[in-house]
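Right, one structure below, let's go through it.
Structure, rendered in structure tokens:
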């Protein structure tokens with residue numbers, strides 16, 4: 090791999106990393122240790138909010154971002170109230 094390719098790949102990786110952090114920077118969820126895993130939590134608690142877990146804070150952020158984008162299964166829609174809507 091030549092130098093230009095390495096630089097381009099490094100810039101691309103930095104852009105991806107920045108994009109992963111944008112949602113966390115915007116929402117400012119709580120980040121804390123929960124047992125032996127890091128937790129990123131937006132909301133009152135894990136059941137009613139959105140949470141991600143990982144062995145490191147950044148891995149918890151990646152999991153949080155996936156959870157944020159995950160659709161609610163059809164059989165669960167309407168079963169929970171949104172704690173941020175009232």
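In this note's numbering, the protein residues as written are 90 to 175.
Built from N, CA and C at the ideal position, the CB exists for glycine as well.
Model, not experiment: these values are computed from the prediction.
Next on the checklist: Quick check on the DSSP output: the alpha helix (DSSP H) that includes residue 100 runs from which residue to which?
Outcome noted: 92 to 116 is the span of the alpha helix (DSSP H), which, as asked, contains residue 100.
Item to check | Beta bridge counterpart(s) of residue 119 as assigned by DSSP | outcome: Beta-bridge pairing links residue 119 to 130.
Next on the checklist: According to DSSP, simplified to helix, strand and coil, what is residue 150?
Outcome noted: Here residue 150 sits in helix by DSSP.
Checklist entry - From which residue to which residue does the beta strand (DSSP E) around residue 140 run? => result Taken as a continuous stretch (DSSP letters only), the beta strand (DSSP E) holding residue 140 covers 139 to 143.
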